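Remarks on the structure that follows.
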Amino acid sequence: MASLMSLESVRVPIYGHGFSAENVCSQVQKSVDSVADLLSALREHLNTFNRVHRLPPELLSLIFEMIAHIPNRHEDIFNFDKLTSEEYTRARPPSSGIATIAHVCKRWRAVALSTPSLWTYVSALPGSDQFRAYVERSLSLPLSVSVGTDAPHLQESLSSVGPRLRRLDLAINGSVEDDIHTSVLRIEAPSVRCATLMCSPECSSEVLEVVVSLEVEWVELFGQRKSSLEALALSLATNWLPSNTFTQLTHLVLSCNPDILSTSRTGLLTLLANAPRLEFLHILRLWYSGTDGMTVALDHLRSLVFDSTHWDSVLPFFARLLIPAATPVAVLNAPPMAVAPLSPPLDSSSSVTSLAIYSKGSTLQINAKSALRDYLLHGESDCDGFYKFDDIVCSLHDLLSLSTVTSLTLSHGDVDVVPLLQHFHQVSDLELHSSGSPHGRTTVQEVLQSVESDGWLPALSSFTLRVHGPITYEISILGAAAQMLRTRARMDPGHPVRRVVVQLCDRARDPAARVAYESDKIRANFAPHVEEFEVREVPRPTGQPKRWMVEGAEKYWTLYDRAKPEYLGPWHSGDSSGGWTDGR
-19 MASLMSLESV RVPIYGHGFS AENVCSQVQK SVDSVADLLS ALREHLNTFN RVHRLPPELL
41 SLIFEMIAHI PNRHEDIFNF DKLTSEEYTR ARPPSSGIAT IAHVCKRWRA VALSTPSLWT
101 YVSALPGSDQ FRAYVERSLS LPLSVSVGTD APHLQESLSS VGPRLRRLDL AINGSVEDDI
161 HTSVLRIEAP SVRCATLMCS PECSSEVLEV VVSLEVEWVE LFGQRKSSLE ALALSLATNW
221 LPSNTFTQLT HLVLSCNPDI LSTSRTGLLT LLANAPRLEF LHILRLWYSG TDGMTVALDH
281 LRSLVFDSTH WDSVLPFFAR LLIPAATPVA VLNAPPMAVA PLSPPLDSSS SVTSLAIYSK
341 GSTLQINAKS ALRDYLLHGE SDCDGFYKFD DIVCSLHDLL SLSTVTSLTL SHGDVDVVPL
401 LQHFHQVSDL ELHSSGSPHG RTTVQEVLQS VESDGWLPAL SSFTLRVHGP ITYEISILGA
461 AAQMLRTRAR MDPGHPVRRV VVQLCDRARD PAARVAYESD KIRANFAPHV EEFEVREVPR
521 PTGQPKRWMV EGAEKYWTLY DRAKPEYLGP WHSGDSSGGW TDGR
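Throughout the sequence shown, residue numbering follows the numbering used here, covering -19 to 564 in sequence.
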């Protein structure tokens, strides 16, 4: 057998045969090559007995398709906020394992090459051999293309695959003069379903003073007046907007250039009017003013998000929209207002009845609910102090109808909410959470003292106090709460606080005797002043926190983390807001 070939059978004698050293080396190298070929053949034959190679080609092909599933490659589309043009260009190619799969072994390569669906996502340079190889190997299947506008042969290459184009992720990068060629977007692509046309921040900053006074340039995308697009994401440094009628568009992410006034003032409402079936609307950096203008009905809208937009733009723009009563609305990272707005509050169509203010570290979160709609106001504090929590909270009465709130929850850390209490005339249920930190205890104590001394929350009848750790650490809060109850019962016998619940959080590790002793001590100080009293142990929350994201929002892409903030309230409370879904 060839596999038993011995070294003697390939040994070349050096002396006594008149061979030169060069000839000997040549003969030895040939022997080495033949042995290497033999070993390679043996290893390949041995690999056929590996378990993975016992899988039929059809099953192996299915596994490859699952590994290289195209939606998993659209996670970095919205990272443009933090990337320079150069970094943005490099970030576009997907983290695909197709090339790796095709180079594992001959069998895997053969299976990969015979599976057209593996080659339908193309991020290679247009006009390159790799680009053409992907197009050929995908046969006639629909294509997804990810490319930058600085690529050579861009329009020619996209036009060549236009009839097959199902998705286009276009990174608008490079110099401004080369960026804005709208002819690229007018290619014939009648079957395209998703398009992301995203500018890097550097492009935006370069053109601020160039296009500030230009009128909107309306561009008909992909050669079809009646567009087949289902999802569209735009982050533009230019003054153009799509003029198509979007009869199937359900997802729209729009990052505005606030310095292009004409685009934001008149163009956006026109764009929305052309998308009557919109379900998910996500707007960043909106600039809008005035209380007049067209009104747009979005009868199918399921989620509305404003991000990094001033309130004096959010309120008048929101007033121009007619959306379903149950559609949740989120306002993220909106700077505090300098003056009171002229527009009606956010909840003018259905006044808020439930309000929760949570503060944790550098994050402020305000959850508001009306009979019809849920609202989220969420912000992250920056190092420059631009987003000041106290200013946001103090102006809350200009944004929401606080006089109709009946249920109030405060877990506000070191944020000062005392000036806000004067606006709550109908609050009957108050829930206070102590954060366990010194600042948190101080602010909770200030709220209790203000309710006692200033007479705020006149309709209060039910009070829940949540404390952390042994009561020796919370003695000041418990004392202030007992004093407030005592004063309310004495000063207004007809309207005392009737029901009190004290929640002891995460006490599972404490001895049962200590918990029982503390419960009895709390009861002795609280129970004489109320009709109903209860001490309740609350376990440590388990599972993943919820995120503000309506189901289906990430059908075509993965949103950036800031767009789907985590719920800061107690997880086990089971918040039923339409915008909160299980975190991942």
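Glycine included, every Cβ here is placed at the ideal spot set by N, Cα and C. Bear in mind that the values here come from a model prediction, so they are computed numbers and not experimental data.
As the crow flies, the alpha-carbon of residue 491 is around 18 Å from that of residue 482.
In the three-state scheme derived from DSSP, where H, G and I count as helix and E and B as strand, residue 48 is classed as coil. Apart from the 5 residues on each side of it in sequence, residue 445 sits with its Cβ closer than 6 Å to the Cβ of 412, 461 and 482 in its chain, given in chain order. Every unbroken stretch of the alpha helix (DSSP H) spanning 4 or more residues and falling wholly within the stretch 362 to 413 is given here in chain order: 369 to 374 and 376 to 379. Here the alpha carbons of residue 507 and residue 440 stand approximately 17 Å from one another.
Under the rule that a run must span 4 or more residues, the alpha helix (DSSP H) segments found entirely inside the stretch 102 to 133 read 109 to 117.
For the pair residue 338 and residue 392, the CB atoms are nearer than the 9 Å cut-off.
By the Cβ neighbour-count rule, residue 120 is exposed, with fewer than 16 other Cβ atoms within 10 Å of its own.
Going by DSSP, residue 513 is part of the beta strand (DSSP E) stretching over 512 to 518. At the C-beta level, residue 224 and residue 200 come within 9 Å of one another. For residue 336, the beta-bridge partners assigned by DSSP are 347 and 389.
Of the candidates 297, 88, 509 and 261, the residue whose Cα lies closest to the Cα of residue 36 is 88. For a cut-off of 8 Å, the C-beta gap from residue 314 to residue 280 is around 25 Å, too long to register as a contact. Approximately 5 Å separates the beta-carbon atoms of residue 480 and residue 510; this is inside 8 Å, confirming the contact. Around the Cβ of residue 470, a 10 Å sphere holds fewer than 16 other Cβ atoms; the residue is exposed. In the DSSP annotation of this structure, the continuous segment of the beta strand (DSSP E) that includes residue 359 starts and ends at 354 to 360. As the crow flies, the alpha-carbon of residue 288 is around 46 Å from that of residue 499. In the three-state scheme derived from DSSP, where H, G and I count as helix and E and B as strand, residue 438 is classed as coil. Excluding its 5 nearest sequence neighbours in each direction, residue 349 has C-beta neighbours in its own chain below 6 Å: 334, listed in chain order. Annotation: the continuous alpha helix (DSSP H) that includes residue 88 extends over 86 to 93.
Around the beta carbon of residue 231, 16 or more other beta carbons sit within 10 angstroms, so the residue counts as buried.
For residue 480, the enclosing beta strand (DSSP E) has its first and last residue at 479 to 485. Within the same chain, Cβ atoms closer than 6 Å to the Cβ of residue 426 are found at 398, the five residues on either side in sequence being excluded.
Taking C-beta atoms as the reference points, residue 330 and residue 305 count as a pair closer than 9 Å. Of the residues 215, 100, 405 and 14, the one whose Cα lies closest to the Cα of residue 45 is 100. Residue 462: member of the alpha helix (DSSP H) spanning 455 to 471, first to last residue.
Nearest to residue 215 by alpha-carbon distance, out of 263, 227 and 229, is 263.
Classified as exposed, residue 206 has fewer than 16 neighbouring CB atoms from the shown chains inside 10 Å of its CB. Taken in chain order, the complete beta strand (DSSP E) segments of 3 or more residues contained in the stretch 216 to 304 are 220 to 222, 231 to 235, 260 to 264 and 283 to 287. The Cβ atoms of residue 115 and residue 148 do not sit closer than 9 Å to each other. Take the alpha-carbon of residue 515 and the one of residue 458: they are about 13 Å apart.
Excluding the 5 residues flanking it on each side, residue 111 has same chain C-beta neighbours closer than 8 Å at 102, 104, 105 and 137, in chain order.
As computed with DSSP, residue 546 is found in a beta bridge with 527. Exclusion of the five residues before and after residue 143 leaves 168, 169, 170 and 171 as the residues of its chain whose Cβ lies within less than 8 Å of its Cβ.
Here residue 33 carries a helix assignment [DSSP, helix/strand/coil]. Sixteen is the threshold: since fewer than 16 other Cβ atoms of the shown chains lie within 10 Å of the Cβ of residue 195, the residue is exposed.
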